[in-house]
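A.B. asks:
This is the structure:
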């Protein structure tokens, strides 16, 4: 069967030849597909973010076909539509490159959001990756008798008419990411708050908050940087901290903190590297607990390894916390019409509230796979010491971008998954060729 050819199926998914239908990305671009069900030669990749693009690019390198489905209107939806203006990569660019393509040499060490988007669009163009856009996956399940994954998508046209299409393939790559849906905590009285309340995904700049008292709920990298941005635009930020947090300098001894940690981990146990990082952090930053930021009992790398939660790499907020320009407040107990009450009993008035409370995976809402690879919360299930289970599951199921190791980990998983799929695809092509020659 030539590369790029797709077989279509009718309503009950019994196979029938459809030679004119091309598999998107195997030999050309996308486009609306009116067929009720389409059987594909290559894998279905759900998600056109960095993880999905990395898998597709590597499959392209192997000469294997693929189809990418994406619910938004373009690649890298999170970076395009749900990030603030001043955002930069928190790690040096060398740790954030996707497989096969380095960042341009003129990019800064810490590329801006716009630099990264330029890189991703160039990456997609280079490997001729044209996702099928505005296709929301509503269900994916494994058909054991047919040995196929069946993926149902819904597409809403300009006339608001929904088109439901089913794709079928021996392989399914889940690359929709750990940040698919926003997380907003349920706090008593939130509906009574009269000021503006928004999630960090809606925040762009502190300019429109000038002169306002703003409560930022959450003390991760985004919460810290939004507080910095608010200060620089003349707002008065208050950061609500619920639990312990590790704050580390972004660089130590003129080098990336992350890079130093990665080198040390080659030779030293994680607990020893954590002790080193915390010792240097105290020398550079001082005692964070003195200013209301208690450190967790476990070290920053150990927490990252267990939970996937990253330490805060300071880009300027810490000095403003020490100076009192960013004020630390406890966990919010409830909201009132003009402010919030905290767990220590104190109350304060605010003009706006920003929930920098992160995101979650939406995989459990559409993937039916008996919990062998994903938990009910959409996190990758641990499987002892086998690294294989970080990217491959049963029956041709793969996941990329769920290991909690950022872009570097997603790239590594993409290389493994794509190589495995390409090998299996080549076996099917050879078997088909052998049959046809008989």
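In the numbering used here, the protein residues as written are 8 to 445.
Using N, Cα and C, we set each Cβ at its ideal position, and we do this for glycine too.
Only a predicted model underlies this, so the values are computations on that prediction, with no experimental measurement involved.
(1) Between the segment 146-159 and the segment 397-404, do three or more beta carbon pairs fall short of 8 Å?
(2) With DSSP run on the structure shown, which of helix, strand or coil describes residue 206?
(3) Once the 5 residues before and after residue 8 are set aside, which same chain residues still bring their CB inside 8 Å of it?
(4) Let's test the definition: count the other Cβ atoms within 10 Å of the Cβ of residue 443 and tell me whether it reaches 16, buried, or not, exposed.
(5) Only counting runs of 3 or more residues, tell me where the beta strand (DSSP E) segments fall wholly within the segment 388-442, in order along the chain.
(6) How would you label residue 344, buried or exposed, when you count the other beta carbons within 10 angstroms and need 16 or more for buried?
(7) Could you compute how far the alpha carbon of residue 367 sits from the alpha carbon of residue 233?
(8) If residue 127 sits next to residue 77, beta carbons under 8 Å apart, how far is it from one beta carbon to the other, in whole angstroms?
(9) If you compare alpha carbons, which of 430, 386, 50 and 428 is closest to residue 409?
(10) Please give me, in chain order, every unbroken run of the alpha helix (DSSP H) with length at least 4 that falls completely inside the segment 269-320.
(11) What distance in whole Å lies between the Cβ atoms of residue 171 and residue 159, which are believed to be in contact at a cut-off of 8 Å?
(12) Use the C-beta contact count for residue 98: other C-beta atoms within 10 angstroms, 16 or more gives buried, fewer gives exposed.
(13) Could you check whether the Cβ of residue 238 sits closer than 8 Å to any Cβ belonging to chain B?
(14) Do residue 100 and residue 116 count as a contact pair if the criterion is CB distance below 8 Å?
(15) Please list the segments of the beta strand (DSSP E) lying wholly inside the segment 156-234, counting only runs of 3 or more residues, in order along the chain.
(16) Which residues bound the alpha helix (DSSP H) around residue 328?
(17) Assuming residue 182 contacts residue 45 (C-beta within less than 8 Å), just tell me the rounded distance between them.
(18) Can you tell which of 309, 371 and 346 has the C-alpha that lies nearest to the C-alpha of residue 220?
(19) Quick check on the burial criterion: 16 or more other C-beta atoms within 10 angstroms. Buried or exposed for residue 206?
C.D. replies: To lay it out plainly:
(1) yes
(2) strand
(3) Its pLDDT being 33, under 50, residue 8 is placed unreliably in this model, and the coordinates cannot settle the point.
(4) exposed
(5) 404-406
(6) exposed
(7) 20 Å
(8) About 13 Å; that fails the 8 Å criterion.
(9) 386
(10) 277-292 and 307-314
(11) 6 Å
(12) buried
(13) Included in the structure is just one protein chain, with no chain B present.
(14) yes
(15) 169-176, 179-181, 203-206 and 220-224
(16) 324-330
(17) Actually they are not in contact, since the Cβ atoms of residue 182 and residue 45 sit about 19 Å apart, beyond 8 Å.
(18) 346
(19) buried
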